[in-house]
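Heads up: take any position in the sequence shown, counting from 1, add 1, and you land on the numbering used here. We put the beta carbon where it would ideally sit given N, CA and C, even for glycine.
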Amino acid sequence: GGSGGHGNKRFATSTRQAPRFAEQGLGGESGWIELRLKLLADVGLVGLPNAGKSSLLATVTRAAPKVADYPFTTLEPALGTLDIDERQVVIADIPGLIEGAAEGVGLGHEFLAHVERCRLLVHLVDISGAGEGEEGSEADVAYGTIREELASYGEGLNLLPEIVAVSKVDLILAEDAERVVAAWRERLGGAVAAVIGISSATGAGLDDLRRAVAAKLPDATAPAESEGFEAEHRVFRPGSDEGFEVEADGERRWRVRGRGIELLVERYDLSNEEALDYLEVRLREIGVIAALHRAGFERGDEVVIGEVEFELDPGRPDLDSAR
Numbered sequence: 002g003g004s005g006g007h008g009n010k011r012f013a014t015s016t017r018q019a020p021r022f023a024e025q026g027l028g029g030e031s032g033w034i035e036l037r038l039k040l041l042a043d044v045g046l047v048g049l050p051n052a053g054k055s056s057l058l059a060t061v062t063r064a065a066p067k068v069a070d071y072p073f074t075t076l077e078p079a080l081g082t083l084d085i086d087e088r089q090v091v092i093a094d095i096p097g098l099i100e101g102a103a104e105g106v107g108l109g110h111e112f113l114a115h116v117e118r119c120r121l122l123v124h125l126v127d128i129s130g131a132g133e134g135e136e137g138s139e140a141d142v143a144y145g146t147i148r149e150e151l152a153s154y155g156e157g158l159n160l161l162p163e164i165v166a167v168s169k170v171d172l173i174l175a176e177d178a179e180r181v182v183a184a185w186r187e188r189l190g191g192a193v194a195a196v197i198g199i200s201s202a203t204g205a206g207l208d209d210l211r212r213a214v215a216a217k218l219p220d221a222t223a224p225a226e227s228e229g230f231e232a233e234h235r236v237f238r239p240g241s242d243e244g245f246e247v248e249a250d251g252e253r254r255w256r257v258r259g260r261g262i263e264l265l266v267e268r269y270d271l272s273n274e275e276a277l278d279y280l281e282v283r284l285r286e287i288g289v290i291a292a293l294h295r296a297g298f299e300r301g302d303e304v305v306i307g308e309v310e311f312e313l314d315p316g317r318p319d320l321d322s323a324r
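Quick look at the structure:
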């Protein structure tokens, strides 16, 4: 907010014992600041909506995210803590990403920002559909979509270590699940840290997942290293409120420029005759009236200061009493 003004008592003098004007407060300044929340977590769970991320978080930690059998159940990231070998690993359930997330589709920018602080990704792929062991299957396309969005977003997200959790293996026959997981391992090879078949419902594969996470995070308390960068320092110096300039602004019209003068005029209601008289006295004391006369100002000319336009009549003999 701007600074406040003074009441009429401030302007009382021996000749003006009951002033009928006062100073107005100055206007404030407003603006927008964009803040982006980035959760600090060791592991980020990523995948398309309904891949089983929230169920996994609820199973391996004490977190209680909302779990339901429909897309976009999770609208905000949830955190949980996994105890591994007397260490604590913070896991973030990143809301489901969709195609175009890197361009902001489906709040993608907000969701992907949380992944920036993670040290490891656990990428969940739902294989409960038919033919999910084959290239071009629904799960294969889903995996490729998320990888493309991570790469498109930048910030090195696609370079983070990744464990692929082939989820919902309990929903297909055991021999089919083994075949599908083996096919994923063969397809991804050394591109990922591990491929593990899991089921949050039965607990299958969760111990293997915990061990894989522990192996990729040997020191769960160590902060992620950030790339060095050269900071840009800017120095802002506010302009001086002193000084002013007078220039012609049309026929019998003059413009006075100067931050201090503009603030002075802003403080008074110039529809109030007493306030206008007082302002004319102040402008004379500061030297504005003399500068106007030197520029060619004539009595009754229009003066523009800031956003205010008014006529000055500085030759009036009664102005001395307005001090």
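With respect to residue 256, residue 243 sits apart: the two C-beta atoms are not nearer than 7 Å.
In the DSSP assignment, residue 246 falls within the unbroken beta strand (DSSP E) covering 246-249. A distance below 8 Å between beta-carbons, with the five flanking residues on each side excluded, links residue 22 to the following residues of its chain, in chain order: 9, 12, 269, 270, 273, 275, 276, 279. In this structure, residue 124 and residue 48 form a Cβ contact; the two beta carbons are roughly 6 Å apart against a cut-off of 8 Å.
Restricting attention to 130, 90, 142, the CA atom closest to the CA of residue 122 is found in 90.
Beta-bridge partners assigned by DSSP to residue 303: 254, 312. Pairing residue 197 with residue 186, the inter-Cα distance amounts to about 8 Å. Annotated as distal: residue 65 and residue 58, with beta-carbon spacing of 7 Å or more. Just measuring C-alpha positions, the residue of 148, 164, 19 sitting nearest residue 158 is 148. For the pair residue 303 and residue 254, the CB atoms are nearer than the 7 Å cut-off.
When DSSP reads this structure, residue 188 sits in no beta bridge, so it has no partner.
Per DSSP, the unbroken alpha helix (DSSP H) holding residue 216 starts and ends at 207-217. Closest option to residue 201, judged by alpha-carbon separation, among 139, 193, 60, 82: 60. Annotation for residue 205: 170, 171, 198, 199 place their beta carbon closer than 8 Å to its own, counting only its chain and skipping 5 residues before and after.
Between residue 29 and residue 5, the gap from beta carbon to beta carbon reaches 7 Å or more. Going by DSSP, residue 88 is part of the beta strand (DSSP E) stretching over 88-94. By the beta-carbon neighbour count (other beta carbons within 10 angstroms, threshold 16), residue 7 is exposed. Beta-bridge partners assigned by DSSP to residue 165: 124, 196.
In the three-state reduction of the DSSP assignment, residue 236 falls in the coil class. Sorting 168, 113, 313 by C-alpha distance to the C-alpha of residue 41 places 113 at the top. Less than 7 Å divides the Cβ of residue 307 from the Cβ of residue 266.
In summary, residue 127 is buried, with 16 or more beta-carbon neighbours lying within 10 Å of its beta-carbon over all protein chains present. Here the alpha carbons of residue 140 and residue 188 stand approximately 13 Å from one another.
In chain order, 303, 304 place their CB closer than 8 Å to the CB of residue 310, counting only its own chain and leaving out the 5 sequence neighbours on each side.
Secondary structure of residue 84 (DSSP, three-state): strand. Residue pairing from DSSP places residue 46 in a beta bridge opposite 94, 123. Boundaries of the alpha helix (DSSP H) harbouring residue 274: 274-287, taken from the DSSP string. Closest in C-alpha terms to residue 263, from the list 83, 250, 245, 212, comes 245.
Going by beta carbons, residue 118 and residue 43 fall outside the 7 Å limit. Listed in chain order, the non-local C-beta contacts of residue 62 below 7 Å within the same chain comprise 81, 82, 83, 92, local neighbours out to five positions each way being set aside. For the options 175, 193, 180, 215, the alpha carbon positioned closest to that of residue 203 is the one of 175. Its chain contains 247, 248, 249, 255 as the residues whose beta carbon lies nearer than 8 Å to that of residue 296, once the 5 sequence neighbours on both sides are disregarded; these appear in chain order. With a 10 Å radius around the Cβ and a threshold of 16 neighbouring Cβ atoms, residue 234 comes out exposed.
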